[in-house]
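Per this note's numbering, residue 403 is the first one in the sequence shown, and the count goes up by one each step.
Structure, as structure tokens:
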Amino acid sequence: KTAQFFSFGTNDLTQTTMGMSRDDSGSFLPNYTELDIIDANPFASVDQSGVGQLMELAVKKGKSSRRGIKLGICGEHG
Numbered sequence: 403k404t405a406q407f408f409s410f411g412t413n414d415l416t417q418t419t420m421g422m423s424r425d426d427s428g429s430f431l432p433n434y435t436e437l438d439i440i441d442a443n444p445f446a447s448v449d450q451s452g453v454g455q456l457m458e459l460a461v462k463k464g465k466s467s468r469r470g471i472k473l474g475i476c477g478e479h480g
């Protein structure tokens, strides 16, 4: 109720949600996509069903508490 803004750090949110570091992902991510463990590189674009859902939930909760809350996004996603 006291926050005046939310700023989503997409890289940090992706790392926390997916449980992997972008810095280390190059060593295993190609195998994960090849074996269909993961559809695509989650650091290239925001994963809508995971990270996107969390962002949507935060936006809805924020707006329900403070109608005019400012929203922002930062990060290196494609």
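Cβ atoms here follow ideal geometry from the backbone N, Cα and C, with glycine treated the same way.
Anticipated Cβ contact below 8 Å, PHE410 with ILE475, distance rounded: Reading the sequence shown from its first residue, position 8 is the one you call residue 410. Reading the sequence shown from its first residue, position 73 is the one you call residue 475. About 5 Å separates the two Cβ atoms, so the contact holds.
Less than 8 Å between the CB atoms is what I'm expecting for ARG424 and ASN433, so what's the real figure, rounded? Here residue 424 is taken as the residue at index 22 of the sequence shown, counted from 1. Here residue 433 is taken as the residue at index 31 of the sequence shown, counted from 1. So it is not a contact: roughly 16 Å between Cβ atoms.
What did DSSP end up calling LEU437 once you bin it into helix, strand or coil? Here residue 437 is taken as the residue at index 35 of the sequence shown, counted from 1. Taken through DSSP and simplified to helix, strand or coil, LEU437 comes out as coil.
The beta strand (DSSP E) with SER409 in it runs from where to where? What you label residue 409 is simply residue 7 of the sequence shown in a count that begins at 1. Looking at the DSSP string, the run of the beta strand (DSSP E) that includes SER409 is 407-411.
Just to confirm the assignment, what range does the alpha helix (DSSP H) spanning GLY454 have? Along the sequence shown, read from residue 1 onward, the residue named residue 454 stands at position 52. Start and end: 453-467.
Shorter than 6 Å, the distance from the beta carbon of VAL461 to the closest heavy atom of the ligand FMN, or not? No copy of the ligand FMN appears in this structure; indeed no ligand is present at all.
State the start and end residues of the unbroken alpha helix (DSSP H) segment that holds SER427. Indexing the sequence shown from 1 puts residue 427 at position 25. 424-427 is the extent of the alpha helix (DSSP H) around SER427.
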